[in-house]
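Trainee: Just so we're aligned, residue 99 is where the sequence shown starts under the numbering used here, counting upward by one.
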Amino acid sequence: MRILHSILLCSLCVFAPSTAFCGEKVELVILHVNDTHGKMQPYEAGEWGEVGGLARLSTLIKQTRRENPGRVLFLHAGDILSRGDPVTVYYGGRINFRAYEKMGVDAITPGNGEFYMGIENLQKQAARVSIPFIHANALYRNHGNSIFPPYVIKEVNGIKIGILGLGLVRTWHNSSQKLTLGDPIEVAKRYAPELSAKVDLLIALTHIQAKNDSLLAAAVPELDLIVGGDSHTQLDSPSRIPRANGQGFVPIVQARHYFQFMGRVDIELERDGDKVRVNKVDGRLIAINAETTPDPEIENFIAQYAAPLNEVIARSEIELKNDRDAPSPLGDLVVNAVLSQTRADIAVIYGNQGEFDIKPGDITLADINRIRWYHSRLVTARLTGAQIQQLLAARFYNVAGCRFTKAENQVTDLRINGQPVDPAATYLVATEQQIAFSNSVFESVHVDFTGQRVDTALEAHLRRVAVIR
99 MRILHSILLC SLCVFAPSTA FCGEKVELVI LHVNDTHGKM QPYEAGEWGE
149 VGGLARLSTL IKQTRRENPG RVLFLHAGDI LSRGDPVTVY YGGRINFRAY
199 EKMGVDAITP GNGEFYMGIE NLQKQAARVS IPFIHANALY RNHGNSIFPP
249 YVIKEVNGIK IGILGLGLVR TWHNSSQKLT LGDPIEVAKR YAPELSAKVD
299 LLIALTHIQA KNDSLLAAAV PELDLIVGGD SHTQLDSPSR IPRANGQGFV
349 PIVQARHYFQ FMGRVDIELE RDGDKVRVNK VDGRLIAINA ETTPDPEIEN
399 FIAQYAAPLN EVIARSEIEL KNDRDAPSPL GDLVVNAVLS QTRADIAVIY
449 GNQGEFDIKP GDITLADINR IRWYHSRLVT ARLTGAQIQQ LLAARFYNVA
499 GCRFTKAENQ VTDLRINGQP VDPAATYLVA TEQQIAFSNS VFESVHVDFT
549 GQRVDTALEA HLRRVAVIR
C-alpha cells in the first residue's frame with residue numbers, strides 16, 4: 099500500500115520532509131505505444147525515411163526485457179485497428195491481437211478505432227487471445243455493464259500495479275450504438291480510491307486525448323501515471339500536472355502514432371515493509387526505424403498472413419484515380435460493384451477512405467483492402483423518389499444507377515435507369531449500414547442486411563469482370 103506520492107520528472111526528486119523513509123529501492127520500466135492504426139509493416143514517412151513496423155517494436159521490447167529482467171510492463175493505449183495495412187483490414191484485427199499476444203502486451207485499452215468493425219468483432223478477437231482488454235467507461239445501454247473489465251492488477255518486480263482503462267467510443271456510429279459512454283474523469287473518481295487501496299502503483303491507460311488526460315490528472319490524485327492516446331501527441335518527456343490536493347504531480351506520457359516511437363517510462367519506488375513510495379519517474383521516446391532489426395518471429399508471423407493477399411483477382415488496363423470527396427474513376431468502380439452485386443436500382447456509398455489509386459496491371463486482394471479500410475456492411479431499403487432526393491442532397495456520396503443535378507444542396511432532374519424519378523414511387527437502394535443508420539430518410543423504412551460488405555462486393559465484382567478497360 100502506498101503512503102506518499104513523491105514524483106520525479108526530468109530527474110528531479112521530491113520528498114516529503116516530514117516522512118522518514120529509507121527502504122529498498124525497486125525499479126520498473128513501462129513501455130507504451132498508442133494510435134498505431136494497423137500499420138504493422140514499415141512505411142515511408144517523408145523526411146523521416148522508413149519508420150515503424152511491429153516486428154521492430156518487438157525487437158525493442160525484447161531488448162528492454164533482457165536488460166531489465168522481471169521489471170518491464172508493456173501497454174497499448176488504443177486504436178490498434180481503424181485503417182492500416184491490408185493484413186489488419188482483411189483479418190479484422192485478428193492478426194494484430196495475436197501478434198501483441200506473442201509480444202506479451204500486459205493490457206490494452208481499446209480505442210474508438212477498435213469498435214468500427216463492430217462490437218461483436220472486437221469481442222470475438224479479444225476472446226481469442228490472453229490479453230487483458232480494459233475499459234471502465236464504455237457501457238452497454240440496455241443493462242449498464244462495462245463491455246470489458248474496468249481494470250487489471252499486475253505484479254511486476256514485487257510491485258502491485260493497478261491499470262485502469264478509460265477510453266473513447268463514438269456512440270453515434272452504427273458499430274457502437276449499443277453502448278453509452280461514461281465521463282472518464284467521473285468514472286476514474288469512482289474507481290481510483292478502491293483500486294488505489296489494493297495496489298502500490300496506479301496507472302490510467304487512456305484513449306481520451308492529451309487535453310483530457312491533463313484534466314484527469316488534476317482531478318484524480320490517486321493516479322501515479324497516465325499513459326495516453328487518441329490525440330497522436332508526441333511527448334518527448336512526460337508532462338506533469340499538479341494534483342488537486344497539492345501533493346506533487348501526475349506525469350502524462352504519449353508516443354505519437356503509427357509505431358514511429360516506443361515510449362519508455364522508468365520508475366523508481368522505495369519499499370519499507372508494506373509501504374511503498376514513488377521516488378522518481380522519468381520518460382522518453384525511442385524511435386522505431388531502420389536502425390532496428392525486425393524480430394524474425396513477428397516478421398514471419400505477419401508474412402504468412404500477408405502472402406494470401408497477393409492473390410491476383412483482376413487486371414486493369416487503365417489507371418483509376420481515387421478522390422474521397424468527389425466523383426472519381428475508382429469511386430465509380432466501387433459503387434458500380436455494389437450496384438451489380440446487390441441488384442438494386444441505385445447504390446449510394448461513402449467515398450473510399452484510402453489514399454490509393456489503381457495503376458494499370460494486376461489488382462490483388464491486398465489492393466481491395468487498401469481501398470476500403472473498414473468492414474462496412476451493405477444493406478438495402480425501398481425509398482421513394484422524394485426520399486432519394488433528400489438523401490442525395492445531404493452530402494457527397496458515390497452513386498450508381500442514377501443521374502442528377504446538384505446545386506446548393508438541392509437535387510434536381512433525378513433519373514434512375516434513364517427515366518425521370520416519380521417522387522411517390524419506391525426504388526430499391528443499396529447503401530452502407532452507417533449511412534442507413536445515420537440518415538433520417540431510413541427511419542420510417544425497413545432495412546435488410548444483404549450479407550455482403552463493400553469490400554466483399556468489390557472483390558466478387560472484380561473476380562467476375564476479370565479485366566477493367
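Ideal Cβ placement from N, Cα and C applies to all residues, glycine included. What you are looking at is a predicted structure, and each value in this text was computed from that prediction instead of being measured.
Is there contact between the region 153 to 162 and the region 364 to 375, where contact requires at least three CB pairs shorter than 8 Å?
Mentor: no
Trainee: Please report the distance separating the alpha-carbon of Ser536 from that of Gln275.
Mentor: Position 438 of the sequence shown holds residue 536. Position 177 of the sequence shown holds residue 275. Going by the C-alpha atoms only, they are around 11 Å apart.
Trainee: To which residues does DSSP link Met360 through a beta bridge?
Mentor: Taking the sequence shown and counting its residues from 1, one reaches residue 360 at position 262. Note: Met360 sits in a beta bridge opposite Ile384.
Trainee: Rank Pro458, Leu129, Asp177 by C-alpha distance to the C-alpha of Asn166 and give the top, closest one.
Mentor: Indexing the sequence shown from 1 puts residue 166 at position 68. Cα-wise, what sits closest to Asn166 is Leu129.
Trainee: Within its chain, find whatever has a CB closer than 7 Å to the CB of Lys457; leave out the 5 residues flanking it on each side and keep chain order.
Mentor: Sequence index remark: in the sequence shown, residue 457 carries index 359 (1-based). Same-chain partners within the cutoff: Glu417.
Trainee: Please state the DSSP three-state secondary structure of Phe246.
Mentor: Translated into positions along the sequence shown, residue 246 becomes position 148. Three-state result, Phe246: coil.
Trainee: So for Ser414, helix, strand or coil by DSSP?
Mentor: Numbered from its first residue, the sequence shown carries residue 414 at position 316. It is a strand residue.
Trainee: With a threshold of 8 Å, are at least 3 pairs of Cβ atoms found where one atom belongs to the region 439 to 447 and the other to the region 495 to 511?
Mentor: yes
Trainee: Rounded to a whole number of angstroms, what is the C-alpha to C-alpha distance between Pro208 and Asn515?
Mentor: If you number the sequence shown from 1, residue 208 lands on position 110. If you number the sequence shown from 1, residue 515 lands on position 417. Rounded to whole angstroms, Pro208 to Asn515 spans 45 Å at the Cα level.
Trainee: What are the start and end residues of the beta strand (DSSP E) that includes Tyr525?
Mentor: On the sequence shown, position 427 is the one that residue 525 refers to. Tyr525 -> beta strand (DSSP E) spans 524 to 530.
Trainee: From the DSSP secondary-structure annotation, give me the bridge partner or partners of Asp443.
Mentor: Along the sequence shown, one-based indexing puts residue 443 at 345. None; Asp443 has no bridge partner.
Trainee: Here's the rule: buried if 16 or more other CB atoms are within 10 angstroms of the residue's CB, otherwise exposed. What is Gln394?
Mentor: Stepping through the sequence shown from its first residue, residue 394 is reached at position 296. Here the sequence assigns Pro to residue 394, which means Gln is not the residue at that position. With fewer than 16 Cβ atoms within 10 Å of its Cβ, Pro394 is classed as exposed.
Trainee: What whole-angstrom Cβ distance do Arg561 and Ser474 have, given they're in contact under 8 Å?
Mentor: Here the question's residue 561 lines up with position 463 in the sequence shown. Here the question's residue 474 lines up with position 376 in the sequence shown. Contact flag wrong, Cβ pair sits at about 19 Å.
Trainee: Check whether the region 181 to 195 touches the region 397 to 409, taking contact to mean three or more Cβ pairs, one atom from each stretch, closer than 8 Å.
Mentor: In short, these stretches touch, since the Cβ pair count reaches three.
Trainee: Going straight from the alpha carbon of Glu506 to that of Arg422, what length do you get?
Mentor: Position 408 of the sequence shown, counting from 1, holds the residue named residue 506. Position 324 of the sequence shown, counting from 1, holds the residue named residue 422. Note on geometry: alpha-carbon atoms of Glu506 and Arg422 lie some 20 Å from one another.
Trainee: In angstroms with no decimal places, state the Cα-to-Cα distance between Val124 and Asn255.
Mentor: Numbered from its first residue, the sequence shown carries residue 124 at position 26. Numbered from its first residue, the sequence shown carries residue 255 at position 157. Spanning the two alpha carbons is a distance of roughly 7 Å.
Trainee: Looking only at its own chain, which residues have a Cβ that is under 6 Å from the Cβ of Phe195, when we skip the five neighbours before and after it?
Mentor: Looking up residue 195 in the sequence shown gives position 97. Gln223, Val227.
Trainee: Of all the alpha helix (DSSP H) runs that stay within the bounds of the region 452 to 522, which reach a length of 4 or more residues?
Mentor: List check, alpha helix (DSSP H) in window: 463 to 469, 483 to 492.
Trainee: Leaving aside the five residues before and after Glu122 along the sequence, list all residues of the same chain whose C-beta is less than 6 Å from its C-beta, in chain order.
Mentor: Walking along the sequence shown from the start, residue 122 turns up at place 24. For Glu122, where only same-chain residues beyond five positions count, the Cβ hits under 6 Å are Arg369.
Trainee: Tell me, please, whether the region 170 to 182 touches the region 129 to 140 by the rule of three or more beta-carbon pairs shorter than 8 Å.
Mentor: The answer is yes - the region 129 to 140 touches the region 170 to 182, with three or more Cβ pairs under 8 Å.
Trainee: State the start and end residues of the unbroken beta strand (DSSP E) segment that holds His174.
Mentor: As a first step, residue 174 is located in the sequence shown; it is residue number 76 there, counting from the start. Residues 170 to 174.
Trainee: Taking Glu218 as the reference, which of Phe347, His241, Phe246, Ile193 has the closest Cα?
Mentor: As a first step, residue 218 is located in the sequence shown; it is residue number 120 there, counting from the start. Across the set Phe347, His241, Phe246, Ile193, the C-alpha of Phe246 shows the shortest separation from the C-alpha of Glu218.
Trainee: What residues are listed by DSSP as bridge partners for Pro349?
Mentor: Your numbering for residue 349 matches position 251 in the sequence shown. According to DSSP, which records beta bridges pairwise, Pro349 is partnered with Arg338.
Trainee: Which residues does DSSP pair with Gln307 in a beta bridge?
Mentor: Residue 307 sits at position 209 when you count from the first residue of the sequence shown. None; Gln307 has no bridge partner.
Trainee: Distance check for Tyr214 and Gly549, CA to CA, integer angstroms please.
Mentor: Stepping through the sequence shown from its first residue, residue 549 is reached at position 451. Stepping through the sequence shown from its first residue, residue 214 is reached at position 116. Distance between the alpha carbons of Gly549 and Tyr214 is about 17 Å.
Trainee: Provide the residue span of the beta strand (DSSP E) that contains Leu279, from first to last.
Mentor: By one-based count along the sequence shown, residue 279 stands at place 181. Taken as a continuous stretch (DSSP letters only), the beta strand (DSSP E) holding Leu279 covers 277 to 279.
Trainee: Which residue's Cα is closest to the Cα of Ala316: Asp328, Gly327, Ala302?
Mentor: Position 218 of the sequence shown holds residue 316. Checked all of Asp328, Gly327, Ala302; the closest Cα to Ala316 is Ala302.
Trainee: Would you report the Cα separation of Pro336 and Asp380, rounded to the nearest angstrom?
Mentor: The residue labelled residue 336 in the question sits at position 238 within the sequence shown. The residue labelled residue 380 in the question sits at position 282 within the sequence shown. About 7 Å.
Trainee: Do you know whose CA, among Asn272, Ser294, Leu293, Gln307, lies nearest Pro282's CA?
Mentor: The count along the sequence shown starts at 1 and reaches residue 282 at position 184. Comparing Cα-Cα distances from Pro282 to each of Asn272, Ser294, Leu293, Gln307, the minimum goes to Gln307.
Trainee: Any idea if His241 is buried or exposed, counting beta-carbon neighbours within 10 angstroms, 16 or more meaning buried?
Mentor: Locating residue 241 in the sequence shown gives position 143, where the first residue counts as 1. Exposed, since its Cβ has fewer than 16 Cβ neighbours within 10 Å.
Trainee: Determine whether the beta carbon atoms of Val203 and Arg362 lie at a separation below 9 Å.
Mentor: As a first step, residue 203 is located in the sequence shown; it is residue number 105 there, counting from the start. As a first step, residue 362 is located in the sequence shown; it is residue number 264 there, counting from the start. Cβ atoms of Val203 and Arg362: not closer than 9 Å.
Trainee: Locate the beta strand (DSSP E) running through Thr162, then write down its first and last residues.
Mentor: Numbered from 1 along the sequence shown, position 64 holds the residue referred to as residue 162. Premise fails: Thr162 lies in the alpha helix (DSSP H), 152 to 165, not in any beta strand (DSSP E).
Trainee: On the three-state DSSP scale, how would you describe Ala555?
Mentor: By 1-based counting over the sequence shown, the position of residue 555 is 457. In the structure shown, Ala555 sits in a helix (DSSP, three-state: H, G or I).
Trainee: Is the beta carbon of Leu489 less than 9 Å from the beta carbon of Phe454?
Mentor: Here residue 489 refers to the residue found at position 391 of the sequence shown. Here residue 454 refers to the residue found at position 356 of the sequence shown. No, they are not a contact pair.
Trainee: By the 10 Å Cβ neighbour count, where 16 or more other Cβ atoms means buried, how is Ala412 classified, buried or exposed?
Mentor: By 1-based counting over the sequence shown, the position of residue 412 is 314. Answer is buried; the Cβ neighbour count reaches 16.
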